[in-house]
Amino acid sequence: MKQQPIIEAEGLTKVYEDGHCALDHVSFGVQPGEVFCLLGGNGAGKTTTINIFLGFLPQTEGTAKIHGVDMHADPLEAKKHVAYLSDVVMLYPNFTARQNLDFFARLGGKRNLTKEQYYSVLRQVGLQEMAFEQKLKGFSKGMRQKVGLAIAIIKEAPAIILDEPTSGLDPKAANEFQSMILHLRSQGRAILMSTHDIFRAKEVADTVGIMNDGKMLTIKSRKELEHEDLEKLYLNYIHGKVAA
Amino acid sequence: MIKILLEKELRDIVSSTKFAITFGAAAILVILSFYVGIRNYEESTREFEAARAVNASNVASLTDWRQVQHKVFRKPQPLQVLVSGVTNDIGRTTEVRPHGELTLINSRYNVDPLFAVFRFLDLNFVVIIVFSLFAILFGYDAINGEKESGTLKLILSNSVSRADVVLSKLLGSFLALVVPLLVPILIGCLMLIGFGVPMSGTDWVQLALVIGGGLLCFGVFLMLSIMISASVTRSSASFLFSLVIWIFSVLIIPKGAVLVAAQAVDVPSLDGVEAQKRKFTLGQFDQRFQKMGEFLRADITRDETWSQRFVAFQDSLNKAYEKEREEYYRKLNEDWRNKKDHQEQWAFALSRLSPTAVFQIAAMNLANTDVSLKHRYLEDLNRYQDEYAEFLRKKTGSSGGMQIVMRFSGQQGAQEEERKSLNPTELPEFAERGRTLGETISASFADLGLLALLNILFFVGAFVRFLRFDVR
Ligand SMILES: Nc1ncnc2c1ncn2[C@@H]1O[C@H](COP(=O)(O)OP(=O)(O)O)[C@@H](O)[C@H]1O
Ligand SMILES: [Mg+2]
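If you're matching them up, the sequences are chains Y and F in order.
Residue numbers for the first sequence follow this note's numbering, beginning at 1 and rising by one.
Residue numbers for the second sequence follow this note's numbering, beginning at 1001 and rising by one.
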């Protein structure tokens, strides 16, 4: 029984000003409680897709909807329902972890949270207690990623979009990150994340969309993947050995 | 929304190390500029009083007004030490003779070398160099810096309009920097009061306008650098851009404008003008001696009234020549002045390409230390000269000028008893008329308006650029 997807792409196409076609009629949907992985190499079109979903970039054709709202038609309404974790998470180095969280929480519409509520989310993403009130200046990439995730979580949006969230993290941090994603899934969030890491995709995804050169080559569910070697499948697809 | 963004902007700026360091430096320089100005003012005033006292005692040591070499001095003005402008470049002392051209003698009161070294450190300088740099340091990465740290995308992934984001950026950074800058300025003003600098109500209004102009100048650089930050992808590039504009504004345009104007409008050198005057005067001398010889040969009866007749003849001769010379000089001066004005207009028009130059022009006009100060001062002197000539006429019965006094030995005793010391307080008081507040404001109005306009222009520019900014 299919519900209305929270994150929905229909025939998304993007032709850049230089004539390069970065997205070619890409369609997919992400249900509540589903983790959808966009899997593809550099230049496949993953970031372009995500940028269109957040209204950072207008599409040439097709629609991108969040919670049934067209991002291009009504960005301010659509953005109420989506939380985002950018691939660069420097955040504000002069603010503490809590101050960063506080600023973005209020921007996301959470106006009256207590210090304890902030701490609880920071604890949830696994940031050490002593770092809560420290300026972000001295934070490692993994710690900043955790604060970034806390920012995405605290908004309590039904859709969460993450661009290459585990790239640049050490294995331990990446693993912790993964369990957070699964926790969010269990809360019924629709999660769209991009990655070029086949292993990570297999571990965390309910659905994998293999992208190459702006095309969605195939979309496979976890069930379908159970009997297949994702790595082989991926390589076959991008080398055109399997008809899409 | 805008409140949240504004609050973050203020907090982000004020909590940064960059702010602590640069604001600290700016604050010290502002306070120092007031302090140096106050010290210079006190020093100049002391010297001024001393020089006047010397002049008075010189007068008191004489017995005949005809022997007096009367000097007047430009009185130091409080605002002139905060915005020195041309004050240090034009003379401060003038020997007033009842006739002839008056020149300013370039003797400085202030001989304290320490303060002479720091004289450049006036409020005007601090605004031009420090405020504008301060603005650029916080403006250059205002937009693209947030892009580089990923926070811009994070902000815009929320239900926030771009207009709100850029407005809070522009207003927030202006407030976060201007409000702290007001603190050292306020301390400076309190120092003026504390050190007992006699600031009139008009002075305060003018100082307030100078400070307002300084903040507008600061705003221009802030808005401009934010606009650049919203136009260039990388913050390192926008820093370079802003810095180049700063260098052009502070160093190249003002100097270049003067050079270009000098090339475009030819003004004869002052030495050349002086030479022409000398030549004319020498010609008059020759004529005069000829005329006097004629008189001496024609009027040969040496009776009691002869000496009076001779004086009267010389007076009428002097008057005629004086008039002729004055006319000739006036024509020469006017001609030179017109060309010079024309050249200055060119230089100022060109230098107004630079916002700091616009501020400087406005500030000098407000402090009455603009380039026409010398002109105004000479006008005051000429007025005073007439007054002084009238005074001498009353005292000596002659309008002065070149006189050959002939005395007969028999009259000696009668004159002896008149020889009392002169009373210097009888001299008419020299006072610069200065400009009224209205005149001052109207002289600076256009430039202050231009600064305000540039603020608006770059504000709108930054706004529009940000709406089109590629946040990816
Ligand atoms: N602004 C742009 N103008 C032109 N081409 C672009 C632009 N941005 C990205 N591209 C191209 O679009 C393709 C997809 O890029 P991207 O979505 O960033 O890929 P991914 O995130 O999967 O690595 C690439 O070939 C890239 O070179
Ligand atoms: Mg990418």
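Yeah, the Cβ is synthetic: ideal placement off N, Cα and C, and Gly gets one too.
What you are looking at is a predicted structure, and each value in this text was computed from that prediction instead of being measured.
Contact test: residue i Cβ vs ligand 1 heavy atom, cutoff 8 Å
i: Y:Ala22; result: yes
i: F:Asn1144; result: no
i: F:Arg1473; result: Residue 1473 of chain F cannot be examined here, being either before or after the span of chain F that is shown, 1001 to 1472.
i: Y:Met211; result: yes
i: Y:Tyr84; result: no
i: Y:Glu17; result: yes
i: F:Thr963; result: Here chain F has residues from 1001 to 1472 only, and residue 963 of chain F is not among them.
i: Y:Gly214; result: yes
Short CB-CB distance (under 9 Å) between residue i and chain F
i: Y:Leu149; result: no
i: Y:Val26; result: no
i: Y:Lys46; result: no
i: Y:Ala22; result: no
i: Y:Val247; result: Here chain Y covers residues 1 to 244 and nothing more, so residue 247 of chain Y does not appear.
i: Y:Ala83; result: yes
i: Y:Gly43; result: no
i: Y:Tyr16; result: no
i: Y:Glu164; result: no
i: Y:Ala190; result: no
i: Y:Phe103; result: yes
i: Y:Tyr118; result: no
i: Y:Arg106; result: yes
i: Y:Pro93; result: yes
i: Y:Val125; result: no
i: Y:Asn112; result: no
i: Y:Gly11; result: no
i: Y:Lys155; result: yes
i: Y:Phe139; result: no
Cβ-heavy atom distance, residue i to ligand 3, below 8 Å
i: Y:Ser194; result: Among the ligands modelled here, namely ligand 1 and ligand 2, ligand 3 does not occur.
Any non-hydrogen atom of ligand 2 closer than 8 Å to residue i Cβ
i: Y:Lys46; result: yes
i: Y:Asp163; result: yes
i: Y:Asp102; result: no
i: Y:Asn236; result: no
i: Y:Asp197; result: no
i: F:Asp1370; result: no
i: Y:Asp87; result: yes
i: Y:Asn42; result: yes
Nearest candidate by alpha-carbon position, reference residue i, set the options
i: F:Asp1064; options: F:Gln1276, F:Ser1242, F:Lys1420; result: F:Lys1420
i: Y:Ile6; options: Y:His239, Y:Ala83, Y:Ile198; result: Y:Ala83
i: Y:Gly168; options: Y:Ser140, Y:Ala190, Y:Ser186; result: Y:Ser140
i: F:Val1371; options: F:Gln1385, F:Tyr1384, F:His1342; result: F:His1342
i: F:Glu1429; options: F:Glu1387, F:Asn1455, F:Lys1147; result: F:Glu1387
i: Y:Glu203; options: Y:Gln31, Y:Glu226, Y:Phe103; result: Y:Glu226
i: F:Val1178; options: F:Ser1033, F:Gln1077, F:Phe1221; result: F:Phe1221
i: F:Thr1436; options: F:Asp1012, F:Asn1365, F:Leu1448; result: F:Asn1365
i: F:Met1191; options: F:Ala1367, F:Leu1082, F:Leu1454; result: F:Leu1082
i: F:Lys1395; options: F:Leu1422, F:Asp1380, F:Arg1383; result: F:Leu1422
i: Y:Lys65; options: Y:Leu184, Y:Pro158, Y:His239; result: Y:Pro158
i: F:Gln1077; options: F:Ile1185, F:Leu1378, F:Tyr1041, F:Ala1060; result: F:Tyr1041
i: F:Arg1468; options: F:Ile1228, F:Gly1283, F:Ile1090; result: F:Ile1228
i: Y:Leu162; options: Y:Asn212, Y:Asn51, Y:Leu107; result: Y:Asn51
i: F:Val1165; options: F:Leu1152, F:Ile1038, F:Ala1176; result: F:Leu1152
i: Y:Cys21; options: Y:Gly40, Y:Glu61, Y:Glu10; result: Y:Glu61
Minimum Cβ-Cβ distance from residue i to chain Y less than 9 Å
i: F:Thr1233; result: no
i: F:Leu1381; result: no
i: F:Arg1465; result: no
i: F:Asn1124; result: no
i: F:Ile1005; result: Sequence check: residue 1005 of chain F is Leu here, not Ile. So, interface residue.
i: F:Ser1351; result: no
i: F:Arg1011; result: yes
i: F:Val1371; result: no
i: F:Val1223; result: Before going on, a small fix: residue 1223 of chain F reads as Met here, not Val. F:Met1223 does not count as touching chain Y.
i: F:Ser1001; result: Note that residue 1001 of chain F is Met in the sequence shown, not Ser. F:Met1001 counts as touching chain Y.
Integer-rounded CB distance, given that residue j should sit under 8 Å from residue i
i: F:Gly1172; j: F:Leu1006; result: 5 Å
i: Y:Glu34; j: Y:Thr207; result: 6 Å
i: F:Ser1157; j: Y:Leu54; result: 5 Å
i: Y:Pro165; j: Y:Gln187; result: Actually they do not touch by this definition, with Cβ atoms about 17 Å apart.
i: F:Asp1447; j: F:Val1358; result: 5 Å
Requested in this report: Determine which residues of the region 170-182 of chain Y have a Cβ less than 8 Å from any Cβ of chain F, and write them out in chain order.
Outcome: none
Report task. Quick one: which residues of the region 1139-1171 of chain F get their C-beta closer than 8 Å to a C-beta of chain Y? List them in chain order. Result -> Glu1148, Ser1149, Gly1150, Thr1151, Lys1153, Leu1154, Ile1155, Leu1156, Ser1157, Asn1158, Ser1159, Val1160, Ser1161
Requested in this report: Using a Cβ-Cβ cut-off of less than 7 Å, list which residues of the region 1013-1030 of chain F approach chain Y; keep chain order.
Outcome: Ser1015, Ser1016
Query - the region 210-225 of chain Y: positions lying closer than 8 Å to chain F by Cβ - result: none
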